[in-house]
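Heads up: the structure comes next, in structure tokens.
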Amino acid sequence: MESSLNQEARAEYLRALRAGQRDYSARTAHGERGNLIALDELTSQSRIVAYMKRPQREISLSRVVGTYTSARANSFAHNFMPLHPENSEFASKWISLCAIHMGEGLRDAVQVYEYLWHYYVIEGNKRVSILKHYGSPTVRADITRVVPQLDERDPDTAVYYAYLNYDKTGFFKNLRLSSQALYEQLSDMEQRFRDTLELPDHLNYNTMYLQFEAAYNHVEPPLPLGDAFVEYLKVYSLPVDTTLSQMEEQLTALLPQMQLASRPPSEPTLLLTLQDKQPAPGLISRLFGQKRSARVVFAYPEGRAEDNWLGAHELGRQVMQEKLGEQVVSSYIDGLTPANMYERLNEEAKETDLLLITSSELTLPSLRFSLENPDCLTLVYSRSRVDYRLSTYYGRYYEAIFLCGMAAAMATTSMKVGYITPRIVYNRHTADINAFALGVKAVRADARVLLVWQDVVPNEPETCINGLRAAAQQGVDVAYTPRYPSLALEGLPQQVFSFVGRIDQQGQPTEYLAAPLWDWGRFYTEIVSSYLNGSLDILRVIDRGDPSVTGLWWGLGAGALRFLASEALGINNAQLLHYMRTSIARDSFNPFYGPIHDQNGLLRVGDHVSLRPYEVLNMEWLCDFIEVIG
569 MESSLNQEAR
579 AEYLRALRAG
589 QRDYSARTAH
599 GERGNLIALD
609 ELTSQSRIVA
619 YMKRPQREIS
629 LSRVVGTYTS
639 ARANSFAHNF
649 MPLHPENSEF
659 ASKWISLCAI
669 HMGEGLRDAV
679 QVYEYLWHYY
689 VIEGNKRVSI
699 LKHYGSPTVR
709 ADITRVVPQL
719 DERDPDTAVY
729 YAYLNYDKTG
739 FFKNLRLSSQ
749 ALYEQLSDME
759 QRFRDTLELP
769 DHLNYNTMYL
779 QFEAAYNHVE
789 PPLPLGDAFV
799 EYLKVYSLPV
809 DTTLSQMEEQ
819 LTALLPQMQL
829 ASRPPSEPTL
839 LLTLQDKQPA
849 PGLISRLFGQ
859 KRSARVVFAY
869 PEGRAEDNWL
879 GAHELGRQVM
889 QEKLGEQVVS
899 SYIDGLTPAN
909 MYERLNEEAK
919 ETDLLLITSS
929 ELTLPSLRFS
939 LENPDCLTLV
949 YSRSRVDYRL
959 STYYGRYYEA
969 IFLCGMAAAM
979 ATTSMKVGYI
989 TPRIVYNRHT
999 ADINAFALGV
1009 KAVRADARVL
1019 LVWQDVVPNE
1029 PETCINGLRA
1039 AAQQGVDVAY
1049 TPRYPSLALE
1059 GLPQQVFSFV
1069 GRIDQQGQPT
1079 EYLAAPLWDW
1089 GRFYTEIVSS
1099 YLNGSLDILR
1109 VIDRGDPSVT
1119 GLWWGLGAGA
1129 LRFLASEALG
1139 INNAQLLHYM
1149 RTSIARDSFN
1159 PFYGPIHDQN
1169 GLLRVGDHVS
1179 LRPYEVLNME
1189 WLCDFIEVIG
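For the sequence shown, my numbering assigns the number 569 to the initial residue and increments by one for each residue that follows.
This is how it looks when you write it as structure tokens:
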């Protein structure tokens, strides 16, 4: 028999369901969207400059407006109320959580993305739904900030960049104002508060602002929430010991002033004399002004050749130069080592605007030059950040590798698939290996995935033959392997450095099937274009002092990576792979979607949860079903 709490929770679900159905019907009747907003429909990888992990804190539920993926959006109406019938599995879970809320309360933090002042739920959609149903004002959240590119055609991003500049030292988090000028006014006010008031160290500005929001919702001033808060601070200063009722009274008294502030001047201002002085540039122009040209230097370590990995970067530089033309003057420095790098950069890159370090091995040697030349934006090609003061660029290689795993599973007949690699360095290759293995399992749940590094020596590609032989001895008939010098395989594209292929009983590749491919021309064109339009200047503001920031991290959606499929896979498999590639590119599918356990049986990705960017970048574990042959 159902407990009394569960019975009450079921009744609450029916009320919430009716509220959701009413909201859905009302919106669709007016031609509006009836479901939740999905963040993956609002963004694309090419518009994202950085991901930043923010401290856990209470956030306003009024600003939790959607979910991360469109797949989740269909479960909720636009007001976050449920849409599934009472007898569904979804309803059962909602009811169980609601019973917990009525008993001991929902205490776990939800996980959200913050994008342009709003929040989109990654994990905890039902908890948010329940709290909104009960009218709770806030929820505790783990926050990842998603920073878009600066787009002069989009006024929201321009104002948002002003907010990011304010957020470095500002009192109030996620405070949305309607203009850049208001952020400057607020910063000036806060500096006066610091200079004139004795502010306690323990003062919780977040709680202060959330209380103001509650008062605002009762009074309903004519200004947007943030703008009204600035007007309030101008008159009443910081509400350090102000109660909610007092704040409501103060806001009511301010209504006439806010009414005036909400209207434009009744007559235009007339300039009766010539103005010799040009108007001062706005905040965004001063901070992130568009550049007409740029001097770009590529830094290569020793060993560059036309047909190797470093040579591919150089071809990318040439494509970028051709596409951007006179806007860019690019050059390169060859033969760099940790010993000579600082001296060479001082000699050949002193007047550079943008310096691209193409090898993670040169990260630390480039740090001194970067610190001594702050006007030069230095980006290091690296998955992980060796030092938080250096920005990085990298690709979501695992996206293409996941598709390679799917292709391998489609082709195997022995149900054994191999991944050939030198002994891995954790935190460097594990995301790629896991993505490949998960791609295999997505197609053939009963297939075995063998990670083979037996006698495969780092930086000696020819020794991959040893790994292929070891894999063949285990019964593997399809393998993902780095290309090696003696390989002669018909149909294998010249520009790829690793691929999926069939192998014979001796481990010899016999047929090319699929491959990941870096598109360095597209990648570098996007990077330099972002520098020219001012988007990358945000890295100067947020990256230097924030070790949680993920730098430029683009993938299939931005065109930085490509996935190549051979005709040998067949038309049906090719269509499925194309569909999955499109889904990943649109951020509507994440290869790291739980549940996923590691080799020790530890749950690494929870049920119906997707890993966030910094979690993928910091991955130091292998999936439980991967068999290591070493």
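Cβ coordinates follow ideal geometry from the N, Cα and C atoms, glycine included.
For residue 756, the three-state secondary structure derived from DSSP is helix. One thing to note: residue 983 has its Cβ within 7 Å of the Cβ of residue 1015.
Only buried fits residue 1099, as 16 or more other CB atoms lie within 10 angstroms of its CB. Taking the Cβ atoms as the reference, residue 667 lies roughly 31 Å from residue 772, outside the contact range of under 8 Å. Judged by beta-carbon spacing, residue 604 lies within the 7 Å limit of residue 635, meaning their Cβ atoms are closer than that value.
Minimum Cα-Cα distance from residue 1187 among the listed residues 1005, 1082, 998 corresponds to 998. Per DSSP, reduced to three states, the secondary structure at residue 824 is helical. By alpha-carbon distance to residue 929, the top candidate from 907, 921, 1142 is 907. The residues 866, 867, 868, 869, 878, 881, 949, in chain order, have a CB closer than 8 Å to that of residue 926 in the same chain once the five nearest residues on each side in sequence are set aside. Counting C-beta pairs closer than 8 Å gives fewer than three between the stretch 703 to 710 and the stretch 719 to 726, which falls short of the contact rule.
In the three-state DSSP reduction, residue 644 falls in the strand class (E or B). By the neighbour-count definition (other C-beta atoms within 10 Å, threshold 16), residue 1049 is a buried residue.
With contacts defined as CB atoms closer than 7 Å, residue 1017 and residue 1011 fail to qualify as a contacting pair.
Unbroken alpha helix (DSSP H) stretches of 4 residues or longer found wholly inside the stretch 1081 to 1150: 1088 to 1100, 1106 to 1110, given in chain order. Cβ neighbours of residue 632 within its own chain (closer than 6 Å, five residues either side excluded): 687, 696. DSSP places residue 891 inside the alpha helix (DSSP H), whose first and last residues are 877 to 892. Linking residue 1003 to residue 1150 through their CA atoms gives a straight-line distance of about 17 Å.
Here the alpha carbon of residue 808 sits roughly 11 Å from the alpha carbon of residue 777. Excluding residues up to 5 positions away in sequence, 1165, 1166, 1167, 1169 lie with their Cβ nearer than 7 Å to the Cβ of residue 1192 in the same chain.
The beta carbon of residue 892 is closer than 8 Å to those of 1093, 1096, 1097, 1100 in its chain, skipping five residues each way along the sequence.
In this structure, residue 1006 and residue 970 form a Cβ contact; the two beta carbons are roughly 6 Å apart against a cut-off of 8 Å. In the structure shown, residue 912 adopts helical secondary structure according to DSSP, grouped into three states.
Taken atom to atom, the span from the alpha-carbon of residue 717 to that of residue 936 is near 28 Å. Around residue 671, the same chain offers 573 as residues with beta carbons nearer than 7 Å, after the five sequence neighbours per side are excluded. The C-alpha of residue 1051 is placed about 47 Å away from the C-alpha of residue 730. With a cutoff of 7 Å on beta-carbon distance, residue 713 and residue 682 are scored as near each other. Straight across, the Cα-Cα distance linking residue 1142 with residue 1133 is about 7 Å.
Residue state for residue 620 is assigned as strand, using DSSP reduced to three classes.
Comparing alpha carbon positions, the residue from 749, 1045, 1152, 916 closest to residue 978 is 1045. Counting C-beta atoms within 10 angstroms of its own C-beta, residue 736 has fewer than 16 neighbours from the protein chains shown and is therefore classed as exposed. Taken through DSSP and simplified to helix, strand or coil, residue 945 comes out as strand. The shortest CA-to-CA distance from residue 1059 to any of 1072, 1082, 985 is the one to 1082. Residue range 1066 to 1071 is occupied by the beta strand (DSSP E) that includes residue 1070. Approximately 18 Å separates the beta-carbon atoms of residue 1157 and residue 1128; this is outside 8 Å, ruling out the contact. Contact check for residue 1085 against residue 1130 passes: the beta carbons are separated by less than 7 Å.
Residue pairing by DSSP places residue 634 opposite 605, 688 in a beta bridge.
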